[in-house]
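Participant:
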Amino acid sequence: MKRRLVGTVAWVVLLAPAVRAGQMSVYYSPSAQVEYEGTGYRSTAQGWELKVKPLSAATGFVWDHDLTKGRSLNIQYWRNESYYHREDGNALSATLRQTGLTRLAFHNVLAGLRVPVKERRLAASLGLQGVRETFDRTGFVFNGNATGETACSSLGGIGACLGLHGGSKGVEPKKCAFYSDWDLMFGHLFLTTGRPRAEGGSIHRDGYTYTFRLEAGVSSPRWRCGLSYVRQLFQVQFPGGASLPSGAAASLPINKTDFFGPFLNLSYVY
């Protein structure tokens, strides 16, 4: 079964360039900023907010493949390199401060169809988006006391996204030349889930996203090398929240993650 699957993938990779043109790109940042804020109802009466803002490496993979003349399929995948970082919290009561260490890992996938709207330099994009985040929390200090507790939670969302794409990507130079490329996408998460979850609260199960990428560099007929600025935001909401036996928050219903930074990118044009 594994050999058959590997063989199928290999044939697709080999035959795809002969059928249509396209581009595969890898993005890397040694110091992308991730800023997470969790707020809202939990299973105690106090309001709550948690923040963790690690600076970490991040990667992105983008595949563009022509389907018909002027139309293309675009698939993007972005992730961070997670590690434990200080998390801090503020409550309505000054005595209920919570600190600890949190390892936040996120995955962001977008897949959409691009249709040109003006001379192939501007295209409309319509597609689907999926977001997943995991939180490993430890080292809780709640109300001045180390609790010795740990907590693992995850959340995710699926929705639709709509936006624009532009730049000089459609030009095929015969020699080295400068190029530019950009994306702007807005999304709405129609279905979101979180675990663990406690009943209660009035938060709706939905969310929203935006994705922005601005890129420029040098291209040849087969290769492109550039510098990009990427910014992504996704807010995932679901009812409820959960607390540990000590009273420390283990998960929250309103979860906003802002991801941004400069990226180096290398592309292969086939």
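According to my numbering, the stretch in the sequence shown is residues 2 to 271, in order. Yeah, the Cβ is synthetic: ideal placement off N, Cα and C, and Gly gets one too. A quick note: this is a predicted structure, and the numbers were derived from the prediction, not measured.
Does the count of Cβ pairs from the stretch 236–254 and the stretch 201–221 closer than 8 Å reach three?
Facilitator: With the cut-off at 8 Å, the stretch 236–254 and the stretch 201–221 touch.
Participant: Less than 6 Å between C-beta atoms, sequence neighbours within five positions excluded: which residues of the same chain meet that for Ser-181?
Facilitator: Only Gly-168, Ser-169, Ala-217 meet the Cβ criterion.
Participant: Can you have a look at Ala-152 and say buried or exposed, based on whether 16 or more other CB atoms are within 10 angstroms of its CB?
Facilitator: Buried is the call here.
Participant: Please list the segments of the alpha helix (DSSP H) lying wholly inside the stretch 137–174, counting only runs of 4 or more residues, in order along the chain.
Facilitator: You should have found no qualifying run.
Participant: May I ask you to verify whether the stretch 118–138 touches the stretch 99–110, counting CB pairs closer than 8 Å and requiring at least 3?
Facilitator: Counting Cβ pairs under 8 Å, three or more are found: they touch.
Participant: Alpha carbon to alpha carbon, how far is Asn-266 from Leu-215?
Facilitator: Taking the straight line joining both Cα atoms gives about 11 Å.
Participant: I think Lys-52 touches Tyr-37, with their Cβ atoms under 8 Å apart; what is that distance to the nearest whole Å?
Facilitator: Going by Cβ atoms, the distance from Lys-52 to Tyr-37 rounds to 7 Å, so yes, they are a contact pair.
Participant: Give a yes or no on whether the C-beta atoms belonging to Phe-187 and Gly-158 are separated by under 8 Å.
Facilitator: Against a cut-off of 8 Å, the Cβ pair of Gly-158 and Phe-187 comes out as no contact.
Participant: Can you tell me whether DSSP reads Tyr-209 as helix, strand or coil?
Facilitator: If DSSP states are grouped into helix, strand and coil, Tyr-209 belongs with the strands.
Participant: In the DSSP assignment, find the unbroken beta strand (DSSP E) run with Glu-82 in it and report its ends.
Facilitator: No beta strand (DSSP E) contains Glu-82, which DSSP labels as neither H nor E.
Participant: If you count every other CB in all the chains shown that lies within 10 Å of the CB of Cys-177, and 16 or more means buried, which is it?
Facilitator: Exposed, by the Cβ-count rule.
Participant: Quick one: grab the DSSP three-state call for Ser-221.
Facilitator: DSSP places Ser-221 in coil when its eight states are reduced to three.
Participant: Could you tell me whether the Cβ atoms of Leu-97 and Leu-114 are closer together than 8 Å?
Facilitator: No.
Participant: Tell me whether Phe-239 sits in a helix, a strand or coil according to DSSP, three-state version.
Facilitator: Reduced to three states, the DSSP call for Phe-239 is coil.
Participant: Give the DSSP-derived three-state secondary structure of Leu-245 in the structure shown.
Facilitator: The answer is coil: DSSP assigns Leu-245 none of H, G, I, E or B.
Participant: Can you tell which of Asn-144, Thr-100, Val-35 has the C-alpha that lies nearest to the C-alpha of Gly-262?
Facilitator: Ranking the options by Cα distance to Gly-262, first place goes to Val-35.
Participant: How far does the beta strand (DSSP E) with Tyr-37 in it reach, from first residue to last?
Facilitator: Its beta strand (DSSP E) spans residues 23–40.
Participant: Taking Arg-133 and Ser-155 to be in contact with their CB atoms under 8 Å, please state how far apart those CB atoms are, rounded to whole angstroms.
Facilitator: Contact flag correct, Cβ pair sits at about 7 Å.
Participant: Based on Cα-Cα distance, which residue from Ala-112, Glu-50, Asp-89 lies nearest to His-66?
Facilitator: For the residues Ala-112, Glu-50, Asp-89, the minimum Cα distance to His-66 belongs to Ala-112.
Participant: Determine whether the beta carbon atoms of Phe-191 and Gln-233 lie at a separation below 8 Å.
Facilitator: Not a contact, by the Cβ cut-off of 8 Å.
Participant: Which residue from Trp-79, Asn-91, Asn-81, Asn-75 puts its Cα closest to that of Gly-39?
Facilitator: If we check each option's Cα against that of Gly-39, Asn-91 comes out closest.
Participant: Between which two residues does the beta strand (DSSP E) holding Leu-56 run?
Facilitator: Unbroken beta strand (DSSP E) run through Leu-56: 56–69.
Participant: Starting from Tyr-230, follow its DSSP beta bridges and name the residues at the other end.
Facilitator: Looking at the DSSP assignment, Tyr-230 forms a beta bridge with Leu-215, Pro-263.
Participant: Any idea what DSSP makes of Pro-254, helix, strand or coil?
Facilitator: It is coil, neither helix nor strand.
Participant: Rounded to a whole number of angstroms, what is the C-alpha to C-alpha distance between Tyr-85 and Lys-70?
Facilitator: In a straight line, the C-alpha of Tyr-85 is about 47 Å away from that of Lys-70.
Participant: Using only the alpha-carbon positions, how far apart do Ala-199 and Ala-58 sit?
Facilitator: Because Ala-199 sits at a pLDDT of 44, beneath the cut-off of 50, its placement in the model cannot be relied upon, and the point is left open.
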